[in-house]
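With the numbering used here, you'll find the sequence shown wraps up at 355, consecutive numbering, no jumps.
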Amino acid sequence: MELQGKTAIITGAASGFGREFAVLCAAEGMNLVLADLDVAGLAATKDLVAATGVGILTVPTNVAKPEQVEALAEQTWERFGGGHLLFNNAGVAAAGPVWSATLEDWKWVLDVNLMGVVHGIRSFVPRMIAQGGPAHVVNTASVAGLVSPPGMSVYCVSKHAVVTLSECLYHDLRLAGTKIGVSVLCPGFVKTGIAESHRNRPAELRATNPMAPVYGEKIRQVIEASTITARDIAEQTIAAVIEDRFYIVTHPESDCGVSARLTGILQRDAPKMPQIA
Ligand SMILES: NC(=O)c1ccc[n+]([C@@H]2O[C@H](COP(=O)([O-])OP(=O)(O)OC[C@H]3O[C@@H](n4cnc5c(N)ncnc54)[C@H](O)[C@@H]3O)[C@@H](O)[C@H]2O)c1
Numbered sequence: 079m080e081l082q083g084k085t086a087i088i089t090g091a092a093s094g095f096g097r098e099f100a101v102l103c104a105a106e107g108m109n110l111v112l113a114d115l116d117v118a119g120l121a122a123t124k125d126l127v128a129a130t131g132v133g134i135l136t137v138p139t140n141v142a143k144p145e146q147v148e149a150l151a152e153q154t155w156e157r158f159g160g161g162h163l164l165f166n167n168a169g170v171a172a173a174g175p176v177w178s179a180t181l182e183d184w185k186w187v188l189d190v191n192l193m194g195v196v197h198g199i200r201s202f203v204p205r206m207i208a209q210g211g212p213a214h215v216v217n218t219a220s221v222a223g224l225v226s227p228p229g230m231s232v233y234c235v236s237k238h239a240v241v242t243l244s245e246c247l248y249h250d251l252r253l254a255g256t257k258i259g260v261s262v263l264c265p266g267f268v269k270t271g272i273a274e275s276h277r278n279r280p281a282e283l284r285a286t287n288p289m290a291p292v293y294g295e296k297i298r299q300v301i302e303a304s305t306i307t308a309r310d311i312a313e314q315t316i317a318a319v320i321e322d323r324f325y326i327v328t329h330p331e332s333d334c335g336v337s338a339r340l341t342g343i344l345q346r347d348a349p350k351m352p353q354i355a
């Protein structure tokens, strides 16, 4: 899809991948709609791209709230008259084994990581279809949506769901004859704010998996060791949008885990423990 002069909507725009999507979309000459819970972070992203002169709208948004995502779409159409590239990117992570995950862990992570994407699709895709012409949706999943590493079950469930949701969306949009492309972003570990996700956790959902500190620390160490940057991920993502590619698997090291999982299913084997980068 040609990006110049079009409008990008980015959730999770206050940090990490979302901020880098904003920088690259602005460099492509796109208007920006920046959405996040973190109002100070949104302002910092806006400052970072202001000099490009593109139109920028910041909208404090909780993607777990369907009415807020609907308001985001309304404001996008009001300000820019349309929306063309939607990044359903806001996300959070929780660690620990399955049996000790709290109901609050499940509600928090699924409401943001899965339902946030569902709300984005429900509010934006019908408007994109009505507007006609090319558009594109990028859903941020993870390698944890392609394999099932231990110690991060709630997160994995949310991200596997985003992968299949994206595949279903792709088929439905093709069958309906639209010009709307879809990509699903599946990165391995990258140093962003993700290991500090609890900063965005609502007070009423604070009860965490009692084993989260131990498991979370292991994950934090792998994240700290990552050499691929959020900018690298954003560059690969924008290239995939321009070329209309569906799967964006950014860490080649994760391929063998994906392949082993699929082979294991076809051979009716028990799952192998995946290494994820
Ligand atoms: N960093 C990694 O290693 C990694 C790997 C694979 C996938 N991901 C995914 O990438 C996406 C972006 O994460 P990141 O790594 O840039 O982390 P990040 O913490 O730097 O950015 C996530 C952003 O989402 C926002 N957010 C959280 N809850 C929200 C809510 N309810 N409503 C609106 N905004 C909310 C945060 O304020 C933050 O600005 C997430 O979906 C994450 O699961 C990250």
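Cβ coordinates follow ideal geometry from the N, Cα and C atoms, glycine included.
Whole-number beta carbon distance between residue j and residue i, since they are thought to touch under 8 Å
{"i": "F99", "j": "F165", "result": "5 Å"}
{"i": "T286", "j": "A149", "result": "So it is not a contact: roughly 30 Å between Cβ atoms."}
{"i": "P227", "j": "P352", "result": "5 Å"}
{"i": "L163", "j": "A86", "result": "4 Å"}
{"i": "E331", "j": "G266", "result": "7 Å"}
Residue of the options minimising C-alpha distance to residue i
{"i": "A213", "options": "N278, S261 and H329", "result": "S261"}
{"i": "I297", "options": "N191, I326 and A222", "result": "A222"}
{"i": "V127", "options": "G211, E182, P138 and G107", "result": "G107"}
{"i": "M418", "options": "L188, T256, D116 and T242", "result": "A query on residue 418 cannot be resolved here, the shown segment of the chain reaching from 79 to 355 and no further."}
{"i": "Q153", "options": "V195, M193, D333 and L110", "result": "L110"}
{"i": "V300", "options": "D333, V268, A92 and N217", "result": "V268"}
{"i": "I124", "options": "N191, R346 and S93", "result": "Per the sequence presented here, residue 124 reads as Lys, with Ile not at that position. That would be S93, whose Cα lies nearest to the Cα of K124."}
{"i": "M206", "options": "V336, Q345, L283 and K84", "result": "K84"}
{"i": "R277", "options": "A113, V101, G131 and G169", "result": "G169"}
{"i": "Y233", "options": "V215, W184 and E80", "result": "W184"}
{"i": "H197", "options": "G259, M289, N140 and A122", "result": "N140"}
{"i": "G356", "options": "G211, R200 and I88", "result": "In the structure displayed, the chain extends from 79 to 355; residue 356 sits before or after that span and is not available."}
{"i": "I88", "options": "S244, A151 and G255", "result": "A151"}
{"i": "L120", "options": "A129, T130 and L135", "result": "L135"}
Residue i: first and last residue of the uninterrupted beta strand (DSSP E) it sits in
{"i": "V215", "result": "A213 to T218"}
{"i": "D114", "result": "N109 to D114"}
{"i": "I326", "result": "Y325 to V327"}
{"i": "F267", "result": "That residue, F267, is in no beta strand (DSSP E); it is neither H nor E in DSSP."}
{"i": "T89", "result": "T85 to T89"}
{"i": "I272", "result": "No beta strand (DSSP E) holds I272; DSSP gives it neither H nor E."}
{"i": "T136", "result": "I134 to P138"}
Terminal residues of the alpha helix (DSSP H) in which residue i lies
{"i": "I207", "result": "M193 to Q209"}
{"i": "I311", "result": "A308 to E321"}
{"i": "L224", "result": "Careful: L224 lies outside any alpha helix (DSSP H) and carries neither H nor E."}
{"i": "L163", "result": "First-last for L163: L163 to N166, but that is the beta strand (DSSP E), not the alpha helix (DSSP H)."}
{"i": "W186", "result": "L181 to V187"}
{"i": "S337", "result": "D333 to L344"}
{"i": "S178", "result": "Run containing S178: none; DSSP gives neither H nor E here."}
{"i": "Q299", "result": "A290 to A303"}
{"i": "K350", "result": "Segment: none, K350 is in no alpha helix (DSSP H) and carries neither H nor E."}
{"i": "D97", "result": "It should be noted that the sequence gives Arg, not Asp, for residue 97. Run containing R97: G94 to A105, per the alpha helix (DSSP H) assignment."}
Beta-carbon gap between residue i and residue j smaller than 8 Å
{"i": "G160", "j": "Q209", "result": "yes"}
{"i": "F95", "j": "A317", "result": "no"}
{"i": "A219", "j": "L247", "result": "no"}
{"i": "N217", "j": "V190", "result": "no"}
{"i": "G335", "j": "V225", "result": "yes"}
{"i": "V137", "j": "A113", "result": "yes"}
{"i": "M79", "j": "D322", "result": "yes"}
{"i": "I343", "j": "T328", "result": "no"}
{"i": "L283", "j": "W177", "result": "no"}
{"i": "L192", "j": "V147", "result": "no"}
The stretch 239 to 256 contacting the stretch 272 to 291, beta-carbon criterion three pairs below 8 Å: no
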